[in-house]
Amino acid sequence: MTKNIDLLIIGSGISGLSVYLEAKKKKINNILIIDKGFHVGGRICSKNLNNIYFNHGAPFISRSKIKKSLSFFNLLKHNKNISRTVIKNIRNKSQIVYYPSPMMRSFFEYFNKNLIIKQKTKAINVERDGNFFIVNCSDNKFIITKKIVLSVPAPQASELIKKINPQIVNEINKIKYSKCLAFLIAFDQKVDIPKYSFFEDDAGDLSTLFCGITFSNNQTNSVVVRMSNKWSEINFEYDKETLIRKCLLLLSKKITHFKKYNISSTYCHKWRYSQVINWLSPSIPNVNKDKSIGFAGDWTVGPTIEDAFISGEKVVKNLL
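If you're matching positions, the sequence shown starts at 854 in the numbering used here and goes up one per residue.
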């Protein structure tokens, strides 16, 4: 049993890490993060498959259209691993994006210093006992804390507090996400493909293709394909081998480049909560009445990585 935690953060995505940084600024020292995954970053994640990097989560970092965070900008500015480039969006308009090298997970090297975190630890349920919360975890241990910030996807947050705060649960359950299927396709030689392009999939929506891990103009031997929300929704429940076959068949019909190169390896990743479609109404507070539970994440503010970061700053301001 872990006792006397002043602040427990559930989830180590960008919003949870933002909560940690902001709480430290407020001189809150007894902070613990728990996360069910193996790495920090949440949906900003990467895999190294035989020295081929696969950004199967967020493909790049874009700034918020609603609000700008100076702290977030400073993270981008002072991180030596981060570069920026210009891509064309769906409407063929130029957009500045940021990308860490050699992979998206490199963005979080800054956070790894002095971070107190328990990985591979999933919160099963949360109960209230007077002025404290008791969190039952997947390792059959309990954590006792004064305050909690839930920085997990909305359905998981709803499940954790359904017995404690059913009123806010009704609002959280209105949040919707898009599913996403992401594929890595590696070739046995360098291929010359536009660094960022769109193609229409067989669901009638635009899917995206990223050339390699970085957005440089150099040739690469891998591409990352992110299928559209509609295609992903239709095909999500197929097994991964079937999904890879369906993806390759589609690409061979749509993109001529795939017909003249030999494929050496493939990989498929499923995101059930890929990107938030609608988020919490601004009229709904991100903390409960006695300021003991807070909520952070893209579903509380907006869809970009910076929005998720801002949500962490915002909840700490209201919670502490």
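Yeah, the Cβ is synthetic: ideal placement off N, Cα and C, and Gly gets one too.
For this session: Quick one: measure Cβ to Cβ for residue 1014 and residue 1131, integer angstroms, because I've assumed they're closer than 8 Å.
Result: Not really, about 20 Å apart at Cβ, beyond 8 Å.
For this session: Name the residue from 1101, 1088, 1076 whose alpha carbon lies nearest to the alpha carbon of residue 912.
Result: Out of 1101, 1088, 1076, the CA that lies nearest to the CA of residue 912 is found in 1076.
For this session: Go through the segment 1021-1069 residue by residue and report every complete run of the beta strand (DSSP E) that reaches 3 residues or more, in order.
Result: Counting only runs of 3 or more, we get 1029-1044, 1049-1053, 1059-1064.
Exercise. Helix, strand or coil for residue 985 per DSSP?
Worked result: DSSP places residue 985 in strand when its eight states are reduced to three.
Exercise. What residue range is occupied by the uninterrupted alpha helix (DSSP H) comprising residue 1169?
Worked result: 1158-1172 is the extent of the alpha helix (DSSP H) around residue 1169.
Exercise. Going by Cα to Cα distance, which pick from 1083, 891, 928, 978 is closest to residue 874?
Worked result: It is 928.
Problem set entry | CA-to-CA distance, residue 1078 to residue 1021, given in whole angstroms | Put simply, the backbone Cα of residue 1021 is about 37 Å away from that of residue 1078.
Exercise. If you count every other CB in all the chains shown that lies within 10 Å of the CB of residue 926, and 16 or more means buried, which is it?
Worked result: Exposed, because fewer than 16 other Cβ atoms sit within 10 Å of the Cβ of residue 926.
Exercise. How long is the line joining the alpha carbons of residue 1034 and residue 1141, rounded to whole angstroms?
Worked result: A direct Cα-to-Cα measurement between residue 1034 and residue 1141 gives close to 35 Å.
For this session: Assign residue 1082 to buried or exposed, taking buried as 16 or more other Cβ atoms, counted over all protein chains shown, within 10 Å of its Cβ.
Result: With 16 or more Cβ atoms within 10 Å of its Cβ, residue 1082 is classed as buried.
Exercise. If you draw a straight line from the alpha carbon of residue 946 to that of residue 1046, how long is it in whole angstroms?
Worked result: Residue 946 and residue 1046 have their alpha carbons spaced roughly 20 Å apart.
For this session: Check whether the segment 949-959 touches the segment 906-923, counting contact only when three or more Cβ pairs, one atom from each stretch, lie closer than 8 Å.
Result: Between the segment 949-959 and the segment 906-923, the count of C-beta pairs closer than 8 Å reaches three or more; the two stretches touch.
Exercise. Under a Cβ-count criterion, where at least 16 other Cβ atoms within 10 Å of its own Cβ denotes burial, should residue 1143 be classed as buried or exposed?
Worked result: Looking at its Cβ environment, which holds fewer than 16 other Cβ atoms inside 10 Å, residue 1143 is exposed.
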